[in-house]
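Asker: Mind having a look at this structure? Questions to follow.
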Amino acid sequence: MSRILVALTAIAIAVFFQVEASDYPRVAARLPTLISYVMIGLSLLAIVQQLVAWRTAPEGSNCYAIVVPEWGRVLNGAIFIALTAFYALAITSIGYLIATPAFLLASFLIFRASKVWIVLLTSAGVTFAIWVIFVNFLRLPIPLLPGA
686 MSRILVALTA
696 IAIAVFFQVE
706 ASDYPRVAAR
716 LPTLISYVMI
726 GLSLLAIVQQ
736 LVAWRTAPEG
746 SNCYAIVVPE
756 WGRVLNGAIF
766 IALTAFYALA
776 ITSIGYLIAT
786 PAFLLASFLI
796 FRASKVWIVL
806 LTSAGVTFAI
816 WVIFVNFLRL
826 PIPLLPGA
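For any residue, its number in my numbering is found by taking its place in the sequence shown, counting from 1, and adding 685.
The structure is reproduced here in structure tokens:
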């Protein structure tokens with residue numbers, strides 16, 4: 686049951702993306718719209734997968750129960766949500782070129798994603814790629830540095 690709840694939440698977030706993207710310029714709205722379609726599609730597949738698993742479950746199994754979560758994972762999710770919210774607020778005050786690498790580095794290092802040199806390389810590469818896409822290609826007015 687919890688997988689279906691997560692999938693329904695993802696669908697709600699995807700619909701929110703589409704509503705928000707409707708105010709963007711046409712070219713800028715393409716990526717959020719595409720992402721939301723992919724999210725909806727994958728969420729629907731997750732729902733179908735869970736329904737099939739329930740249908741094929743042995744007789745008498747408690748397959749409809751909501752499993753008690755591992756609290757360590759819940760804490761990790763809460764930390765990541767807090768980091769993401771801080772990042773969204775930080776972009777407007779300290780700028781994209783400072784907030785994005787700081788967010789990526791903090792996320793990777795807190796969750797021990799990989800070796801430090803891989804974390805540094807990935808953070809720099811992702812920051813550069815997003816900058817190229819949103820600033821150079823889509824020409825979105827993103828504050829790059831503080832006071833910009």
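By construction, the Cβ of each residue, glycine as well, lies at the ideal position given by its N, Cα and C atoms. It should be emphasised that the depicted structure is a prediction, and the values quoted were computed from it without experimental measurement.
Just to check my reading of the structure: P717 and G780 have Cβ atoms closer than 8 Å, yes? What is that Cβ distance to the nearest angstrom?
Answerer: Position 32 of the sequence shown holds residue 717. Position 95 of the sequence shown holds residue 780. Rounded, the Cβ-Cβ distance is 22 Å, inconsistent with contact.
Asker: By Cβ distance, which residues of its chain are closer than 8 Å to Q703, with the 5 residues on each side in sequence left out?
Answerer: Here the question's residue 703 lines up with position 18 in the sequence shown. For Q703, where only same-chain residues beyond five positions count, the Cβ hits under 8 Å are P717, T718, S721.
Asker: Look at I827 and V820 and say whether their C-beta atoms are less than 8 Å apart.
Answerer: The count along the sequence shown starts at 1 and reaches residue 827 at position 142. The count along the sequence shown starts at 1 and reaches residue 820 at position 135. Yes, Cβ-Cβ distance for I827 and V820 is below 8 Å.
Asker: Is C798 helix, strand or coil when you go by DSSP?
Answerer: One-based indexing of the sequence shown puts residue 798 at position 113. The displayed chain sequence assigns Ala, not Cys, to residue 798. Three-state DSSP puts A798 in coil, outside helix and strand.
Asker: What would DSSP say about L829, mapped onto helix, strand or coil?
Answerer: As a working note, residue 829 is residue 144 in the sequence shown. Coil at L829, not helix or strand.
Asker: Check whether the Cβ atoms of A653 and S707 lie closer than 8 Å to each other.
Answerer: Since the first and last residues shown for the chain are 686 and 833, residue 653 lies out of range.
Asker: Out of V811, E755, I764, state which residue places its alpha-carbon closest to the alpha-carbon of A784.
Answerer: Position 99 of the sequence shown, counted from the start, is the residue given in the question as residue 784. A784 has its Cα closest to that of V811, out of V811, E755, I764.
Asker: Within the continuous alpha helix (DSSP H) that includes I696, where are the two ends?
Answerer: Indexing the sequence shown from 1 puts residue 696 at position 11. Where I696 is concerned, the enclosing alpha helix (DSSP H) stretches over 687 to 706.
Asker: Looking at the unbroken alpha helix (DSSP H) that takes in L717, where does it start and where does it end?
Answerer: In the sequence shown, counting from the first residue as 1, residue 717 sits at position 32. According to the sequence as given, residue 717 is Pro; it is not Leu. That run of the alpha helix (DSSP H) goes 711 to 740.
Asker: Do F796 and N761 have their C-beta atoms within less than 8 Å of each other?
Answerer: Numbered from 1 along the sequence shown, position 111 holds the residue referred to as residue 796. Numbered from 1 along the sequence shown, position 76 holds the residue referred to as residue 761. A contact, by the Cβ cut-off of 8 Å.
Asker: Would you give the residue range spanned by the alpha helix (DSSP H) that G780 belongs to?
Answerer: If you number the sequence shown from 1, residue 780 lands on position 95. Unbroken run through G780: none, as it is neither H nor E.
Asker: With 16 other CB atoms within 10 Å as the buried threshold, where does I766 fall?
Answerer: Within the sequence shown, numbered from 1, the residue matching residue 766 stands at position 81. So I766 ends up on the exposed side.
Asker: Roughly how many whole angstroms lie between the Cα atoms of Q735 and S778?
Answerer: In the sequence shown, counting from the first residue as 1, residue 735 sits at position 50. In the sequence shown, counting from the first residue as 1, residue 778 sits at position 93. One C-alpha to the other measures close to 43 Å.
Asker: Could you round the C-beta distance between A731 and R688 to whole angstroms and report it? I think they count as a contact, below 8 Å.
Answerer: On the sequence shown, residue 731 is found 46 positions in, with the first residue counted as 1. On the sequence shown, residue 688 is found 3 positions in, with the first residue counted as 1. That belief holds up - the Cβ atoms of A731 and R688 are roughly 6 Å apart, short of 8 Å.
Asker: For L782, is the classification buried or exposed, using 16 other Cβ atoms within 10 angstroms of its Cβ as the cut-off for buried?
Answerer: Reading the sequence shown from its first residue, position 97 is the one you call residue 782. Under this definition L782 is a buried residue.
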